[in-house]
Amino acid sequence: MRRTRYDAVVVGAGPAGSTAAIVLARGGARVALIDKASFPRDKACGDLIGPRGLALLDDVGLALPDGRRVAEMLVVGPSGRRVVLPARAGRTYPGHGLAIPRKRFDAWLRDIALDAGAEPVTGRVGAGRYDDTGQLVGVALDDGRTLDGDVVIGADGATSAVAVAARLLDARVVLWGFAQRGYVDEDVDLPAIALWDEAPWRGFPGYGWLFPGDDAANVGLGIGLGSRRADASRAVTRFDQFCAHLTRLGLLSAAVPDRRLGGWLKMGMVGTIPARQRTLLVGDAAGLVNPLQGEGIAPALASGRAAADAVLAGVGTAAAQYRRALAKAHTPYLSVAAPIHAASIAGPPRRVSLLGRALTMPGVSRAIAGPWAVYWNDLRDGAPPSLHAALAAAAHGVGRLATPRAATRKRLETDLSDEHSQ
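In this text, residue positions in the sequence shown follow the working numbering: the first is 1259, and each later residue adds one.
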């Protein structure tokens, strides 16, 4: 059995893991960056990096990769009515995002981590390694290799093996989601979100999208599941029906090839303790996906950096410092957004349909488009003073007043508390 010791073992070389590895390696740590796949590899995603993600890359000192700049977003309701959500630069983020395939983006970011000094390891984690007190201290790969570290950073996605090994997951209360996406030969100028009725007045508990890309457009369908993971197949079985809906709307004209890819989502950090002892979870492994619109890249990048900063500040205090950083950055938004998500997917299909129709009614949509763009994309912090920002703040205040007893809110606050330090 080959055993190797590192300052940090990072499991997963997606955006969160590679960002953590970059910051750690630049800080002088010896880092193992493990991934089960050989790069470049594909990933189910909408392929959009939001404004906060671009700001984070710039702040870490990374020149932005080539991609397609996107700003405003079209939202189409179940009845076909449309509203354009405006894009505006904030004090701490630009007024646009970037469309770039994950196959290229992830490989680019991983290469930077390796150039910084992280050591690449290809292999699948088969089990955790524990000390005499039961604390996770490393991982064992399926090929027999073992890697130990002063810290283990789980960046291995929604179904994280590290989260399970460190006993940081309660799958019974997680806000699960599942999405399937394909690429299609279509020229798309404006990214589009579609709130869809899978049957008359039966709202689909999620949304679909059609986003621009470099060589092909990205089309997908995502479903919110709560704890009912068996329902994930609906995003697969309804996919062609949804694409036909886009065609009727005049948004899609080409056929979507059968080569499609699906992936799990874990949203709002609910049901996941993001750090304990010397194990830290980042990105999707920590549930850092926006529960209202499904964005995961920006919080993945930010959490990777926050985890690395906490480790470099001191291994013994890293878990507590990292949890506090997440609580400060995410609890204000997620404590409202997660209960809203949970309530919306649990409602009867007719209510889901009515909500989608109400949001896109001509008079209503014009009034709420600006604050909707700010709040939905979690851009209140750093937004310039404006009526849109004020209305988004007011909506958040109403949400806080409406959700003090929500189970998802209570669980989120408990999982981020300092009682999980040991």
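Positions of the beta carbon are idealized from the N, C-alpha and C atoms, including for glycine.
Can you tell me where the beta strand (DSSP E) with residue i in it begins and where it stops?
i, result
"Thr-1404", "1404 to 1412"
"Arg-1326", "1326 to 1328"
"Asp-1293", "1289 to 1293"
"Gly-1386", "1383 to 1388"
"Leu-1320", "It is not in any beta strand (DSSP E) - Leu-1320 carries neither H nor E in the DSSP assignment."
"Ala-1416", "No beta strand (DSSP E) holds Ala-1416; DSSP gives it neither H nor E."
"Arg-1340", "1340 to 1343"
"Ala-1398", "1394 to 1399"
"Leu-1332", "1331 to 1334"
Which two residues bound the contiguous alpha helix (DSSP H) that contains residue i?
i, result
"Thr-1683", "Because the chain here runs from 1259 to 1680, residue 1683 falls outside it and cannot be looked at."
"Val-1446", "Taken as a continuous stretch (DSSP letters only), Val-1446 belongs to no alpha helix (DSSP H), as it is neither H nor E."
"Phe-1363", "1360 to 1374"
"Tyr-1351", "Careful: Tyr-1351 lies outside any alpha helix (DSSP H) and carries neither H nor E."
"Gly-1614", "1607 to 1617"
"Gly-1275", "1273 to 1284"
"Val-1422", "1419 to 1423"
"Gly-1311", "1309 to 1317"
"Gly-1508", "That residue, Gly-1508, is in no alpha helix (DSSP H); it is neither H nor E in DSSP."
"Ala-1576", "1576 to 1604"
"Ala-1625", "1620 to 1634"
Can you check which of these residues, the options, is closest to residue i by C-alpha distance?
i, options, result
"Gly-1355", "Ala-1283, Leu-1426, Asp-1428 and Ala-1329", "Ala-1329"
"Ala-1457", "Gln-1499, Leu-1315, Arg-1439 and Met-1619", "Gln-1499"
"Val-1379", "Met-1331, Val-1281, Ala-1295 and Ser-1485", "Ala-1295"
"Leu-1645", "Gly-1628, Ala-1512, Gly-1270 and Arg-1518", "Gly-1628"
"Pro-1344", "Asn-1635, Pro-1597, Arg-1387 and Pro-1515", "Asn-1635"
"Gly-1308", "Leu-1637, Asp-1673, Pro-1662 and Ala-1652", "Leu-1637"
"Asp-1293", "Leu-1312, Arg-1326, Gly-1270 and Ala-1283", "Gly-1270"
"Leu-1312", "Ala-1302, Gly-1657, Val-1289 and Ala-1347", "Ala-1347"
"Ala-1266", "Pro-1643, Asp-1408 and Gly-1572", "Asp-1408"
"Ser-1485", "Val-1540, Gly-1529 and His-1654", "Gly-1529"
"Arg-1326", "Val-1547, Asp-1428 and Asn-1476", "Asn-1476"
"Ala-1631", "Asp-1316, Val-1341 and Leu-1315", "Val-1341"
"Glu-1671", "Thr-1618, Pro-1590, Ala-1604 and Ala-1652", "Pro-1590"
"Met-1525", "Gly-1464, Phe-1297 and Thr-1391", "Gly-1464"
"Val-1268", "Thr-1262, Ala-1283, Ile-1280 and Leu-1291", "Leu-1291"
"Leu-1314", "Trp-1454, Gly-1657, Val-1281 and Asp-1673", "Val-1281"
"Val-1207", "Val-1446, Ala-1416 and Leu-1448", "With the chain represented from 1259 up to 1680, any question about residue 1207 goes unanswered, as that position is not in the structure."
"Arg-1669", "Pro-1597, Asp-1364 and Arg-1582", "Pro-1597"
"Val-1334", "Val-1422, Trp-1467, Ala-1424 and Arg-1663", "Trp-1467"
"Tyr-1388", "Arg-1536, Met-1619 and Ala-1665", "Arg-1536"
"Leu-1448", "Asp-1317, Ala-1665 and Gly-1471", "Gly-1471"
"Asp-1455", "Thr-1262, Thr-1575 and Gly-1338", "Gly-1338"
With distances taken between CB atoms, is the gap from residue i to residue j smaller than 8 Å?
i, j, result
"Ala-1474", "Tyr-1441", "yes"
"Ala-1450", "Leu-1332", "yes"
"Ala-1357", "Glu-1444", "no"
"Val-1420", "Ala-1543", "yes"
"Leu-1504", "Ala-1452", "yes"
"Gly-1285", "Leu-1510", "no"
"Leu-1433", "Pro-1607", "no"
"Ser-1602", "Val-1610", "yes"
"Arg-1615", "Pro-1336", "yes"
"Val-1383", "Val-1397", "yes"
"Leu-1584", "Gly-1552", "no"
"Ala-1723", "Gly-1375", "Nothing can be reported for residue 1723: it is not among the residues displayed for the chain, which extend from 1259 to 1680."
"Tyr-1580", "Pro-1532", "yes"
"Arg-1460", "Leu-1479", "no"
"Val-1318", "Arg-1563", "yes"
"Gly-1435", "Gly-1482", "yes"
Could you round the C-beta distance between residue i and residue j to whole angstroms and report it? I think they count as a contact, below 8 Å.
i, j, result
"His-1588", "Met-1527", "7 Å"
"Ala-1556", "Arg-1310", "4 Å"
"Leu-1538", "Ala-1565", "5 Å"
"Leu-1360", "Asp-1305", "Looking at the sequence provided, one finds Arg at residue 1360 rather than Leu. Right, the Cβ-Cβ distance comes to about 6 Å (below 8 Å), so this counts as a contact."
"Leu-1367", "Thr-1277", "7 Å"
"Ile-1411", "Gly-1554", "About 17 Å separates the two Cβ atoms, so there is no contact after all."
"Gly-1640", "Thr-1350", "4 Å"
"Leu-1322", "Ile-1370", "With a Cβ gap of about 12 Å, Leu-1322 and Ile-1370 do not count as contacting."
"Tyr-1264", "Leu-1405", "6 Å"
"Arg-1439", "Leu-1519", "6 Å"
"Phe-1297", "Ala-1365", "5 Å"
"Arg-1534", "Ala-1651", "With 8 Å as the limit, Arg-1534 and Ala-1651 do not qualify as a contact, their Cβ atoms being about 33 Å apart."
"Ala-1558", "Gly-1541", "3 Å"
Does the ligand SAM have even one heavy atom less than 7 Å from the beta-carbon of residue i?
i, result
"Phe-1497", "This structure lacks the ligand SAM; in fact it carries no ligand of any kind."
Any beta strand (DSSP E) of 3 or more consecutive residues that is wholly inside the region 1513 to 1574: 1518 to 1525 and 1537 to 1539
Whole runs of the alpha helix (DSSP H) within the region 1637 to 1666, excluding any shorter than 4 residues: 1645 to 1660
3-residue-minimum beta strand (DSSP E) runs that sit fully inside the region 1432 to 1499, ordered along the chain: 1433 to 1442, 1450 to 1452, 1455 to 1457, 1464 to 1469 and 1475 to 1484
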